[in-house]
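Note that the working numbering has the sequence shown beginning at 110, numbered continuously upward.
Reviewing the structure listed below.
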Amino acid sequence: AVQRTYAPQGLIGLLLNDLADKRKHFVEVDLDDPFFRVFTVQLDGSIDFERIGLKSAQVAIDYGNPNNAIDHKHADFVFEPDQPTEQKFEVFMNSTADTSYKYGVQYHFDPGSDWEGRAYSYEIPAIPTDDRTLAINPFEHLGFLEARVVPNRIDWGVIDSIDAILSYQSPTGWNKTKTLTFTSALSAQTWKLRLDDPNARSYNYRFIYHLKDGTKQESEPFTTETTAIALNDPFEGALDIQFIPLFAPGSLRMMFIDVKYDDPVNRYRREERLELSGTSTAPVPLRISLKDRTKRSFQYRLTVVKDNQLRQSAFVTTEETLIGVSDNV
Numbered sequence: 110a111v112q113r114t115y116a117p118q119g120l121i122g123l124l125l126n127d128l129a130d131k132r133k134h135f136v137e138v139d140l141d142d143p144f145f146r147v148f149t150v151q152l153d154g155s156i157d158f159e160r161i162g163l164k165s166a167q168v169a170i171d172y173g174n175p176n177n178a179i180d181h182k183h184a185d186f187v188f189e190p191d192q193p194t195e196q197k198f199e200v201f202m203n204s205t206a207d208t209s210y211k212y213g214v215q216y217h218f219d220p221g222s223d224w225e226g227r228a229y230s231y232e233i234p235a236i237p238t239d240d241r242t243l244a245i246n247p248f249e250h251l252g253f254l255e256a257r258v259v260p261n262r263i264d265w266g267v268i269d270s271i272d273a274i275l276s277y278q279s280p281t282g283w284n285k286t287k288t289l290t291f292t293s294a295l296s297a298q299t300w301k302l303r304l305d306d307p308n309a310r311s312y313n314y315r316f317i318y319h320l321k322d323g324t325k326q327e328s329e330p331f332t333t334e335t336t337a338i339a340l341n342d343p344f345e346g347a348l349d350i351q352f353i354p355l356f357a358p359g360s361l362r363m364m365f366i367d368v369k370y371d372d373p374v375n376r377y378r379r380e381e382r383l384e385l386s387g388t389s390t391a392p393v394p395l396r397i398s399l400k401d402r403t404k405r406s407f408q409y410r411l412t413v414v415k416d417n418q419l420r421q422s423a424f425v426t427t428e429e430t431l432i433g434v435s436d437n438v
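Structure follows, in structure tokens:
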């Protein structure tokens, strides 16, 4: 602290004459105030434990030279769910009036959570700092990768199931692999992986497609850091057909649409049957994946159930993907 003498003169003195209580505008500092004698660190453990599967965070604080038993102070703090998020480290300042300290953190994770990682407990080496407010943030020390695989353009008429194989190789040598299996009944799935290095977020993925004819196809491996992966079928192209009802609702009881697609060169054949009720007004989609994107010709036939009769058209060959259907068969 430096002692200085202030002697207000001239304009400043005139301005001070307008103050009713001059004592409110001067601060007297006691150099023996606790601020100069006590060393305090406020710890903030506002952590979303459930989101990352964290059970507890243990913080160790060391103040002063550990080789000097008189000057060295140590304390441990534990943060857990449903416990106070703020705690305090408070000691008398040491003989050298140090304003810095070291802190280390141990993170303990729940083995029953859906997060995977190298270990369930991690110890962060002691870190020097002079910050009197210490926020405990697991995201500064560890990475939390959530890779979400989302089914997108998939022709489930020809594909039975798909395996999404995700793998992570840590810079330190450990690795993890996860297989997510998709069928037409399953929606998006997420792989949650805990990383030793929050900046090493690159991982690999590939797909294995199990076709209904008993064969399988495998994609090339991909490397990414993205948190969302679109899962598409392996075919080069597709016919995205829309059958648009042109009949008046209630004018028939039911309509069947038979669709045939044949690619003999690639030994690929599809036969599908769609059903429309007599009150249908919305277009009915059908996706036919192609092994040869240049071969787009297919056939369709309409069968109408009306007036206790069944009427059937001949097969029509076309490449059109917007097809109006009526009861005039």
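We put the beta carbon where it would ideally sit given N, CA and C, even for glycine.
What you are looking at is a predicted structure, and each value in this text was computed from that prediction instead of being measured.
**OP:** Less than 8 angstroms between the CB atoms is what I'm expecting for threonine 242 and serine 209, so what's the real figure, rounded?
**Re:** Counting from 1 along the sequence shown, the entry for residue 242 is found at position 133. Counting from 1 along the sequence shown, the entry for residue 209 is found at position 100. Between serine 209 and threonine 242 the Cβ distance is about 14 angstroms, and since that is not below 8 angstroms, they are no contact.
**OP:** Measure how close the beta-carbons of asparagine 261 and leucine 340 come, nearest whole angstrom, since I'm counting them as under 8 angstroms.
**Re:** By 1-based counting over the sequence shown, the position of residue 261 is 152. By 1-based counting over the sequence shown, the position of residue 340 is 231. The Cβ separation is near 6 angstroms, so the contact holds.
**OP:** Determine the DSSP secondary structure at arginine 442, reduced to helix, strand or coil.
**Re:** In the structure as shown, the chain starts at 110 and stops at 438, and residue 442 therefore has no counterpart that could be examined.
Original post:
Ends of the alpha helix (DSSP H) at glutamate 159?
Top reply: On the sequence shown, residue 159 is found 50 positions in, with the first residue counted as 1. It spans 158-161 - the alpha helix (DSSP H) in which glutamate 159 sits, taken as one unbroken run.
Subject >> Under the three-state DSSP convention, the category glutamate 249 falls into >> reply: What you label residue 249 is simply residue 140 of the sequence shown in a count that begins at 1. Glutamate 249 falls in the helix class under three-state DSSP.
Subject >> valine 147 - DSSP class collapsed to helix/strand/coil >> reply: Here residue 147 refers to the residue found at position 38 when the sequence shown is read from its first residue. DSSP places valine 147 in strand when its eight states are reduced to three.
Original post:
Given asparagine 313, which residues of its chain have a CB within under 6 angstroms of its CB, disregarding the five upstream and five downstream residues?
Top reply: Along the sequence shown, one-based indexing puts residue 313 at 204. These residues qualify, in order along the chain: Ser276, Pro330 and Thr332.
Original post:
Is proline 220 helix, strand or coil when you go by DSSP?
Top reply: Within the sequence shown, numbered from 1, the residue matching residue 220 stands at position 111. Here proline 220 sits in coil by DSSP.
**OP:** Find the nearest neighbour of glycine 252 within the set Ile353, Gly162 and Gly387, judged by alpha-carbon distance.
**Re:** Taking the first residue of the sequence shown as position 1, residue 252 is located at position 143. Closest by alpha carbon: Gly162.
**OP:** Within the same chain, show all residues whose beta-carbon is closer than 6 angstroms to that of glutamine 215, passing over the 5 residues directly before and after it, in chain order.
**Re:** The residue you call residue 215 lines up with position 106 of the sequence shown. Same-chain partners within the cutoff: Gln167 and Glu232.
Original post:
Using 8 angstroms as the threshold, is the region 320-327 in touch with the region 265-282, meaning 3 or more CB pairs across them?
Top reply: yes
Subject >> Closest residue to glycine 280 among Ile263, Asp306 and Thr288 (Cα-Cα distance) >> reply: Counting from 1 along the sequence shown, the entry for residue 280 is found at position 171. In the sequence as presented, glycine is not what sits at residue 280; that position holds proline. Measuring from the Cα of proline 280, the nearest candidate turns out to be Asp306.
Original post:
With burial defined as no fewer than 16 other Cβ atoms inside 10 Å of the residue's Cβ, what is the status of aspartate 130: buried or exposed?
Top reply: Within the sequence shown, numbered from 1, the residue matching residue 130 stands at position 21. With fewer than 16 other Cβ atoms within 10 Å, it is exposed.
Original post:
Could you give the uninterrupted runs of the beta strand (DSSP E) lying entirely in the region 282-325, keeping only those of 3 residues or more?
Top reply: Whole beta strand (DSSP E) segments, 3+ residues: 284-291, 298-304 and 312-320.
Original post:
To which residues does DSSP link lysine 197 through a beta bridge?
Top reply: Here residue 197 refers to the residue found at position 88 of the sequence shown. Note: lysine 197 sits in a beta bridge opposite Gln151.
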